[in-house]
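Report on one structure; see the data block that follows.
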Amino acid sequence: MSEFPLHKVPDNFQDAHINAEQYREMYRRSIDDPAAFWAEQAEQFLTWDKRWDRVVEADFTQGKAEWFGGGKLNVSVNCIDRHLPARADQTAFIWEGDDPADSKHIAYAELKDAVCRLANALRERGVKKGDRVCIYMPMIPEAAYAMLACARIGAIHSVVFGGFSPEALKDRILDSDCRTVITADEGLRGGKRVPLKANTDAALAHCPNVHTCLVVRRTGGDIAWQEGRDTWYHEATEGASTDCEPESMDAEDPLFILYTSGSTGKPKGVLHTTAGYLLQSALTFKYTFDYREGEVYWCTADVGWVTGHTYIVYGPLANGAISLMFEGVPTYPDAGRCWEVVDKHQVATFYTAPTAIRALHAVGDEPVKRASRASLRLLGTVGEPINPEAWEWYYTVVGDSRCPIVDTWWQTETGAHMITPLPGATDLKPGSASFPVFGVNLALLNEDGSEIEGPGAGYLVVKSPWPSQIRSVYGDHQRLIDTYFSAYPGYYFTGDGASRDEDGYYWITGRVDDVLNVSGHRMGTAEVESALVLHDKIAEAAVVGFPHDIKGQGIYCYVTPMAGVEPSDELRKELIDLCVKEIGPIAKPDVIQWAPGLPKTRSGKIMRRILRKIAENELENLGDTSTLADPTVVDHLVENRAS
Ligand code: WT7
């Protein structure tokens with residue numbers, strides 16, 4: 006499948022936690038007897054207030070799964086308190102600021118104090134078990150404190166990425182009825198300020214139920230203040246006790262909500278619960294990254310995405326690891342920043358997105374070679390397929406041909422890694438996420454729902470429950486069933502296509518639904534379309550993805566103006582601004598093509614297949630257009646294709 010060579014497990018991973026034989030044996034056991042396998046893992050990885058009564062009970066037709074029913078535990082205790090006897094003075098987080106002169110270490114004991122103070126401050130404001138708390142923060146330690154403080158008192162956090170617009174923030178606050186918001190005056194990214202508090206104010210103008218807005222002072226910039234509602238974080242926490250009784254949670258009590266885009270409608274609040282989520286996060290962190298005591302591990306994601314939840318905060322801390330949190334961007338002050346940080350903090354594991362690798366690759370080798378990178382042992386990628394060219398550059402130049410790369414496939418909905426190489430067990434094929442994680446029972450389906458045996462390509466599905474699976478769509482369980490469990494009854498439908506080669510390696514080919522992956526950010530075409538048609542001069546819009554060298558996918562919009570409206574560059578700019586305002590900068594269209602008409606079937610359904618081909622410039626390959634209501638619209642779109 007790839008012209009690139011296989012990379013064997015290197016010598017320095019021969020003593021990894023899991024070797025090839027152990028992987029095969031443990032994987033087999035995890036599928037043959039999941040209850041016994043996961044009970045053992047739950048014993049080993051988690052500390053329980055009360056042992057569970059039943060390991061797993063699930064019904065995929067109802068989208069239901071219960072893991073460790075009857076068990077009790079607290080996530081913050083598992084991530085902090087239980088490490089204190091051995092690791093009070095060990096660093097939990099290394100924080101590297103946007104400004105290279107700014108960094109600090111937070112020890113486990115300090116983390117405990119900070120989390121407890123905030124947890125007490127929240128309790129004092131009436132926040133209790135089951136309440137939803139929205140976290141809209143820059144990448145500063147307080148973001149992690151906020152998540153863990155919620156976990157400590159049993160509140161459900163909903164982290165909203167700091168790059169989202171006030172509009173998007175408002176929708177998410179309202180959907181889960183968050184009544185407390187934690188934010189900062191401003192964020193700092195690549196030397197630029199992000200007006201988080203101003204965005205929050207704009208959102209909260211439409212959220213009458215929010216009684217408390219805690220504000221971290223990050224930049225000291227000017228902000229508006231609403232007496233009664235707004236409180237400085239430092240004032241609320243400075244007098245608070247550093248002890249806070251943790252809420253003993255049921256294994257299936259919700260831990261967090263995280264919104265993600267689907268092919269239809271508004272983003273969904275993916276609900277994750279306590280024990281199963283933490284267990285798979287902890288296990289995959291240890292084995293995928295072959296984490297060794299005392300090593301520095303760096304995941305460049307933002308805590309606003311699931312990668313930040315699972316692999317900056319919960320997975321690393323559950324293992325007592327040292328997790329580096331980076332406030333800035335890989336290209337500031339210049340394209341050598343990541344490697345400079347690797348040397349500065351002696352990073353052993355570096356985990357990032359293919360889009361970042363491609364962007365850095367484009368700048369050339371010099372910024373990489375400026376740094377020694379001798380501390381690096383392992384590299385990782387996540388979020389989208391990695392093209393073998395980018396993989397090889399990452400491997401040979403960044404990793405000096407001595408660091409394995411773990412290409413981890415998973416989703417917001419899966420909570421933790423599902424397909425990934427294990428560095429001591431898996432010979433690597435560039436571009437392949439390789440093999441399933443323990444307990445993950447995969448299949449590839451044909452269009453008709455039949456399972457493909459052996460090598461082949463089809464829809465990627467999961468056949469049986471896994472601990473960190475999505476439990477519900479917040480407030481709309483039916484939507485969970487409709488989205489994931491109805492397409493092929495009895496299976497969880499991932500929305501991805503994949504192939505499996507003769508050696509059993511999985512190769513993810515990308516989404517098979519109307520979901521885009523732009524720089525590793527997931528976005529529904531429907532969301533962008535809804536934003537475009539808000540403009541009163543626009544009648545209709547259809548959005549598709551097209552291949553983009555750096556972003557993986559770019560956003561291509563076909564837009565039909567109202568009758569009598571002349572398309573203009575000014576209108577184009579207004580539309581771009583509208584998408585940014587409604588969703589955020591990540592939704593900025595790359596191409597807007599004026600379309601007097603869209604290709605539709607006689608029943609009025611837009612033929613996206615054709616629009617995708619035109620956007621991809623595959624004009625010989627448009628397929629059958631005879632079923633269209635008006636085939637001439639295609640000719641017009643082809644002739645006026647924006648290039
Ligand atoms: C979608 C999930 C999971 C963390 C970040 C994204 C794509 C994710 C890979 C990979 C190929 C990947 C899939 C998936 N994806 N990882 N290693 N190789 N594709 O989470 O926003 O929920 O997006 O990202 O299409 O369905 P997300």
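Just so we're aligned, residue 6 is where the sequence shown starts under this note's numbering, counting upward by one. A virtual CB, placed ideally from N, CA and C, is assigned to each residue, including glycine.
- Hey, F551 and E625: beta-carbon distance below 7 Å or not? no
- With DSSP as the reference, label P409 as helix, strand or coil. coil
- Grab the span of the beta strand (DSSP E) containing C218 for me, first residue to last. 217-221
- Message: Let me check you understand the geometry: is the CB of P660 closer than 6 Å to at least one non-hydrogen atom of the ligand WT7?
- Response: One cannot answer for residue 660 here, as it falls past the ends of the chain, which runs 6 to 648.
- Task: Note down, in chain order, each residue of its chain lying with its Cβ closer than 6 Å to the Cβ of L3, except the 5 sequence neighbours on either side.
- Result: With the chain represented from 6 up to 648, any question about residue 3 goes unanswered, as that position is not in the structure.
- Message: Taking the alpha carbon of C218 as the reference point, which residue from Q474, A210, G225 has its own alpha carbon closest?
- Response: A210
- Task: Counting only runs of 3+ residues fully inside the segment 326-373, write out the beta strand (DSSP E) ranges in chain order.
- Result: Assignment of beta strand (DSSP E) within the segment 326-373, counting only whole runs of 3 or more residues, yields 327-331, 352-357 in chain order.
- Tell me L384's beta-bridge partners as DSSP assigns them. F355, I410
- Could you give the distance in angstroms between the alpha-carbon of I611 and the alpha-carbon of E452? 21 Å
- Item | Top-ranked residue by Cα proximity to W230, from T247, N204, G244, I560 | N204
- Looking only at C-alpha atoms, which of Y282, P146, V132 sits nearest to S108? P146
- Exposed unless 16 or more other CB atoms sit within 10 angstroms - verdict on E62: exposed
- Under 7 Å, do G502 and T514 count as touching if we go by C-beta distance? Taking C-beta atoms as the reference points, G502 and T514 count as a pair closer than 7 Å.
- Which residue comes first and which comes last in the beta strand (DSSP E) that contains G557? In the DSSP assignment, G557 falls within the beta strand (DSSP E) that extends over 557-566.
- Message: So, under 8 Å CB-CB, L329 and H350 are touching, yes? Tell me the CB distance rounded to an integer number of Å.
- Response: Correct: roughly 6 Å between the Cβ atoms.
- Per DSSP, what kind of secondary structure is V548 in: helix, strand or coil? strand
- Going by the CB atoms, is the gap between I362 and A395 shorter than 7 Å? For the pair A395 and I362, the CB atoms are nearer than the 7 Å cut-off.
- Message: Could you check whether the Cβ of Q474 sits closer than 6 Å to any heavy atom belonging to the ligand WT7?
- Response: no
- What does DSSP give as the partner residues of K271 in its beta bridges? Answer is none; K271 lacks a bridge partner.
- Task: Just list the alpha helix (DSSP H) runs in the segment 401-486, keeping only unbroken ones of 4 residues or longer that don't cross its boundaries, in chain order.
- Result: 482-485
- Rounded to the nearest angstrom, how far is the Cβ of V445 from that of V467, given a contact under 8 Å? Approximately 7 Å separates the beta-carbon atoms of V445 and V467; this is inside 8 Å, confirming the contact.
- Task: Could you tell me the distance, in whole angstroms, from the CA atom of V138 to the CA atom of C212?
- Result: 13 Å
- Exposed or buried, which one is R223 when buried takes at least 16 other CB atoms within 10 Å? Classification of R223: buried, given that the 10 Å Cβ count is 16 or more.
- Query: Apart from the five residues on each side of it in sequence, which residues of its chain come closer than 7 Å, Cβ to Cβ, to A600?
  - Reply: Y563, V564, T565, L642
- Query: Is the segment 427-441 touching the segment 235-254, taking contact as three or more C-beta pairs under 8 Å?
  - Reply: Put simply, the segment 427-441 does not touch the segment 235-254. Fewer than three CB pairs are less than 8 Å apart.
- Query: Could you give the distance in angstroms between the alpha-carbon of M6 and the alpha-carbon of E250?
  - Reply: With a pLDDT of 49 at M6, under the threshold of 50, the modelled position of that residue is not reliable, and the figure given next carries that caveat. Cα to Cα, M6 sits roughly 54 Å from E250.
- Message: Tell me which residue opens and which closes the alpha helix (DSSP H) that K586 is part of.
- Response: 574-587
- Can you list, in chain order, the residues of its chain whose CB lies under 8 Å from that of I23, leaving out five sequence neighbours each side? Contacts found: M31, Y292, D295, L427, G429, A430.
- Determine the extent of the alpha helix (DSSP H) in which Q285 is found, giving its start and end residues. 280-293
- Query: Would you say the beta carbon of G388 comes nearer than 6 Å to a heavy atom of the ligand WT7?
  - Reply: yes
- Sorted by chain position, which residues of the same chain lie with C-beta nearer than 7 Å to M144's C-beta, five sequence neighbours on each side aside? D307, V308, M330, F331, E332, listed in sequence order.
- On the premise that Y497 lies in contact with S181, defined as a C-beta separation below 8 Å, what is that separation, rounded to the nearest angstrom? 23 Å between Cβ atoms; not a contact.
- Message: Which same chain residues end up closer than 7 Å to A367 when comparing Cβ atoms and leaving out the 5 residues on each side of it in sequence?
- Response: I555
- Query: Short check: CB of V311 to CB of L260, under 7 Å?
  - Reply: No, they are not a contact pair.
- Taking only heavy atoms of the ligand WT7 into account, decide whether any of them is closer than 6 Å to the Cβ of V311. yes
- Query: How about the segment 169-177 and the segment 587-599: do they share at least three Cβ pairs that are nearer than 8 Å?
  - Reply: yes
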